[in-house]
Amino acid sequence: MEEIVFKTLANKKKYTSIDHFIAEVMKGNEADEFIYDGIKDAVFKLIIYGFITVDTSSVKNCIRKEGNFYKAKKLGGVGEWLKYRQSHRNAA
230 MEEIVFKTLA NKKKYTSIDH FIAEVMKGNE ADEFIYDGIK DAVFKLIIYG
280 FITVDTSSVK NCIRKEGNFY KAKKLGGVGE WLKYRQSHRN AA
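Counting from 230, one number per residue, gives the positions in the sequence shown under the numbering used here.
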């Protein structure tokens, strides 16, 4: 699910409100609670990985892309970024 959320964000030029973004990801999937919760969990993971932050100073709680997001995009996605990070941790 993280890859789906990441790729949806990668295809957007501007950040969007968190609720609008979740609805956009759900468009291509069945709109049930399992999908909704999975998308929310994936968004939280991207926050933990340092890919995105949520701007709570805005009324819409906008998503902002961070440095790790662009590094993951360059590497090819979340999975590749996690492998890269793991290999650097093991080398240290």
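The beta-carbon is built from N, C-alpha and C at its ideal position, and this holds for glycine as well.
None of the values given here were measured: they were computed from a predicted structure.
Quick one: what does DSSP say residue i is sitting in, helix, strand or coil?
i: V234; result: helix
i: S246; result: strand
i: K294; result: strand
i: V288; result: coil
Can you grab the Cα-Cα spacing for the pair residue i / residue j, in whole Å?
i: E232; j: A320; result: 26 Å
i: A301; j: W310; result: 5 Å
i: F273; j: A252; result: 16 Å
i: L275; j: F235; result: 8 Å
i: Y299; j: L238; result: 11 Å
i: R314; j: D270; result: 21 Å
i: R293; j: V254; result: 17 Å
i: K177; j: G267; result: Nothing about residue 177 can be reported from this structure: the residues present for the chain run from 230 to 321 only.
Report buried or exposed for residue i, applying the criterion of at least 16 other Cβ atoms within 10 angstroms of its Cβ.
i: I281; result: buried
i: V288; result: exposed
i: I277; result: exposed
What distance in whole Å lies between the Cβ atoms of residue j and residue i, which are believed to be in contact at a cut-off of 8 Å?
i: N290; j: I247; result: 5 Å
i: G279; j: E295; result: 6 Å
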